[in-house]
Every structure is written in C-alpha cells, then in structure tokens.
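Student: Residue numbers (full-length UniProt numbering): 1 to 441.
1) Check residue 432 in the structure and name its three-state DSSP category.
2) Counting beta carbon pairs with one atom in the region 261-279 and one in the region 318-335, are three or more of them shorter than 8 angstroms?
3) Whose C-alpha, out of 377, 420, 232, 52, is nearest the C-alpha of residue 243?
4) Using the three-state DSSP reduction, which class does residue 21 fall into: helix, strand or coil?
5) Identify which residue in 356, 133, 65 has its Cα closest to the Cα of residue 43.
6) Excluding the 5 residues flanking residue 222 on each side, which residues of the same chain have their C-beta closer than 8 angstroms to its C-beta?
7) How about residue 220 and residue 151: do their beta carbons lie closer than 9 angstroms?
8) Given residue 12, which residues of its chain have a CB within under 6 angstroms of its CB, disregarding the five upstream and five downstream residues?
9) CB-CB under 7 angstroms to residue 283, same chain, minus the five flanking residues each way: which ones, in chain order?
10) Would you report the Cα separation of residue 264 and residue 25, rounded to the nearest angstrom?
11) Can you find at least 3 beta carbon pairs, one from the region 291-299 and one from the region 175-194, that sit closer than 8 angstroms?
12) Measuring straight from C-alpha to C-alpha, what distance separates residue 21 and residue 213?
13) Which one or two residues does DSSP pair with residue 250 in a beta bridge?
14) Quick check: the region 342-352 against the region 384-392, are there 3 or more CB pairs under 8 angstroms?
15) Do residue 355 and residue 428 have their CB atoms nearer than 9 angstroms?
16) With a CB to CB cut of under 8 angstroms and the five nearest residues on each side skipped, what residues in its chain are close to residue 392?
17) Give the single residue among 33, 105, 60 whose Cα lies nearest to the Cα of residue 290.
18) For a test of the three-state rule: what should DSSP assign to residue 376, helix, strand or coil?
19) Going by DSSP, which residues form a beta bridge with residue 294?
20) Using DSSP with H/G/I as helix, E/B as strand and the rest coil, what is residue 10?
21) Please check the pair residue 431 and residue 250, which I expect to be a contact at CB under 8 angstroms, by giving their CB distance rounded to whole angstroms.
22) Let's test the definition: count the other Cβ atoms within 10 Å of the Cβ of residue 136 and tell me whether it reaches 16, buried, or not, exposed.
23) Taking only the alpha-carbon atoms, compute the straight-line gap between residue 190 and residue 394 and give it to the nearest angstrom.
24) To the nearest whole angstrom, what separates the beta carbons of residue 423 and residue 148, a pair I think is in contact under 8 angstroms?
25) Ignore the nearest five residues each way along the sequence and tell me which others in residue 379's own chain have a CB closer than 6 angstroms to its CB.
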C-alpha cells in the first residue's frame, strides 16, 4: 500500500465526528428513533394522510343513514290576484286580500336498496383507510432506517477520528525524531520529508473528516428537529454491548410483515369492492320517503298536519348499455393492483436475499479484519525492529504504519457495520418496528 493512500481513510465512512471543543448531546439509538417518529415531517405527513382517510370513511358511512331536510318560506305578496275555482256563487263575498304566504316542510328519505352501492363504497374506503395506515407504518420504518444509518455513521466517524488522531500523534513524534536524526546526519533529508508529508496527509484527512461530519450531523439534527447548533455524540457502549436476536434466514417474515405489501393488499381488496360498486348501476334504487307540510295563504287557505309516506324508485335504463365500460375500467384497475403486488413481492424477495448476503458478508469481514489487525500489528513491529537496526528503509516503515492504521479502522468499524446490516435485514423483512415498539408511536 502506498503512503498516499492514507487519505482514503479520512473519507472511508459517510459522516465524521466533530473536532470542535464544545459540549455534545448524547442520544441512544432508541431515543433518536422515537424522536424521529414524533418530530419528522415525513411521519407527520403520513399521520395526516391516515386521518384524512379516516374522515373520508366516516363521511361515506353517513350515506347509509336517513336524509332529513327541513325547509320554510315566508313570502310577501304584492297585489296578488286570487280566482277561486271552487264554491263560487253570485252572492259570494268579495275576493280576499292575499298579501303573504307561509310554507314549512319536513322531508325524510331512508335508503333501502341501491344495488349494494353504499355497502361497497364503505368497503372501498375502509380498505383504503387500512392501506394508508399500513403505508404510514412503512414510512415510520423507513425513517427509523435513516436514523440507524446516520447513527451508525456517526459512530464510525467517532472511531475513525479517534484512530486518526492517535496516529497523528505518533506521526508527529516520528517527524520530530527524524528532524533530530537528519540534523545529526543519521538519515537523509528525503526520509525527513517523507515523515513530514505523512503528518500533512493525516491532517488533510482530519480536515476532510470535519467537513463531512458537519454534513451528516446537520442531516440528523434536521431529521430529529433539534437545534441546528446541536452536536450529536454516539456512546460506544451502544455498539459494544449490542445483542442480535431472531435473525431472519428467508423471505417468509417479509411476506407476512412488510407494511408496503400489506398496504397494496388492502388496495387490491378496495379494487374488488370498486368492481362491485360499478355493477351496482345495473340495479334500481329504492328508498322510503315521508314528510310533513304546513301551508298558509293568508285569507285563502290553511293546511296543517299534511303527512305523506311512500316508496321512491329510480332506475337508470341507459346504464344497461353504458355501464359496461365502467365495469371494465374497474376490473382493469384491479388487475393493475394485482400486477403491482406481484412485482413488489418479487422485489421484496430480492431485497431480503441481498440483505441476508450483506449481513453474512459483514460477519465474515469482521473475522478477517480481526486477523488483519493482528497481522498488521505484528508486521509493523517487525518492520520497526528492522528499521531500528538498519535492515529496512523509511518507505517500508511508513507503509507498515499505514497498513496498521487501516486495519485498526476496519476492525473498529466492523461491529457497527454488522449492526447496520442486521437492522437492514430486519427492515426488509418488516420486523424493524418490533425492535423499537413502533406500535406505541
């Protein structure tokens, strides 16, 4: 490995811990996720959509209840001409003065049969409400995964910075020692310049790390709705003592638990109810009707307690010819949802298989990184002894130091990477919410 590759370790991760000397805020992963579930805009929008579907369902259910209308009129008549056609005789009294009209009505309609339209419309909106609820749960799981990734990256950042700074101390001391040795003519100036160059490259890596940290920290505090000046810090114990249980080994848990798949299944049920509702136009609509009327035409006629009750029937005969297209449309939309469900099911299987492979790879890498750390540490010790005895040159020493640094970083980040892949596996199998009590949010 070339000494110039040292710069890669400064950007090995996504997000770097802050180097500024200021007070930091510590949050456990559980606290961070629950904060995101209660504060993030995405979750707030998802909950609002659920509430909207709930009100839509409630509005549709109101269609099965009777309609009751009350109306009243008062009209002032100007010089109304009244010609009574009944009980008219030559000696009849003069035509009365009619100058006002009062009318009051109460009408009620009770739906009896509408071709199952009301029942199916309720089924449609009930399933859409359930689908939106499942979608909201899926949104919360996605937000949780974003927090987990950022949280893990912050931990990786802290460890990487810590190791870089430790290596920087030894590199600076080496440069000081080489400076004295160069003054005394023990080593050539070229070796001194190489050691100083390594110090500079480490500093560049740390500077790059500070920039990357600010980006990741800002993203996470924005997601959690914390003050923008907040500097987050991850406790190492959250990763060191982490236990992984019930690790999925196939796609069965995903097909049972994935909320996006559950949502599309509810949409499919809604589409089936929509087909039935489209067919309801082939049937007549029947309703019970009743009412009460009070009427007063001043000086002419007064009507009180005029009750009426009966049955109303309506039938759109043109629907026999026209409604076929609406039924075909509803059936086509249902087929679209079924195809979408099949596509999503295949995609979920691929996701799960990839997550399983990634998790297994992270476990294998952890073992290899442990071995590599032992090997690089021993290699550096041997090269250092050889260098002290004049049997190896500065290039060998600096390269062995870089190899050892890389091994330390890889090993330090391996556990966090395993945990990250573990949560990704839980996420794609729909079990992430169970780890953080999503149902309580």
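Just so you know, even glycine gets a beta-carbon here, dropped at the ideal spot from N, CA and C.
Tutor: The relevant details are as follows:
1) Residue state, collapsed to three classes: helix.
2) Contact between the region 318-335 and the region 261-279 is present: three or more C-beta pairs spanning the two stretches fall below 8 angstroms.
3) That would be 420, whose Cα lies nearest to the Cα of residue 243.
4) Any answer about residue 21 is weak, because its pLDDT of 41 lies below 50 and its placement is not dependable; what the coordinates show is given next. Residue state, collapsed to three classes: coil.
5) Comparing Cα positions, the closest option is 133.
6) Excluding positions up to five away in sequence, the list reads 228.
7) With contacts defined as CB atoms closer than 9 angstroms, residue 220 and residue 151 qualify as a contacting pair.
8) Annotation note: pLDDT 39 at residue 12 (below 50); position unreliable, no value reported.
9) When the five nearest sequence neighbours on each side are left out, the beta carbons in the same chain lying within less than 7 angstroms of the beta carbon of residue 283 are those of 115, in order along the chain.
10) For residue 264 and residue 25, the distance between alpha carbons rounds to 40 angstroms.
11) Between the region 291-299 and the region 175-194 there are fewer than three inter-stretch CB-CB distances shorter than 8 angstroms, so the stretches are not counted as touching.
12) Residue confidence is low: residue 21 scores 41 on pLDDT, short of 50, so the model does not pin down where it sits. Its coordinate-derived value is still stated next. In a straight line, the C-alpha of residue 21 is about 14 angstroms away from that of residue 213.
13) Partner(s): none; residue 250 has no beta bridge.
14) Counting Cβ pairs under 8 angstroms, fewer than three are found: no touch.
15) Closer than 9 angstroms, so yes.
16) Counting only residues of its own chain and dropping the five nearest sequence neighbours on each side, residue 392 has a CB closer than 8 angstroms to the CB of 383, 386.
17) That would be 105, whose Cα lies nearest to the Cα of residue 290.
18) In the three-state reduction of the DSSP assignment, residue 376 falls in the helix class, which pools H, G and I.
19) DSSP lists 104 as partners of residue 294.
20) A caution first: residue 10 carries a pLDDT of 41, below 50, which makes its placement in the model too unreliable to give a value.
21) With 8 angstroms as the limit, residue 431 and residue 250 do not qualify as a contact, their Cβ atoms being about 13 angstroms apart.
22) With 16 or more Cβ atoms within 10 Å of its Cβ, residue 136 is classed as buried.
23) Within the model, the alpha-carbon separation for residue 190 versus residue 394 is close to 9 angstroms.
24) Right, the Cβ-Cβ distance comes to about 5 angstroms (below 8 angstroms), so this counts as a contact.
25) Here the set comprises 400.
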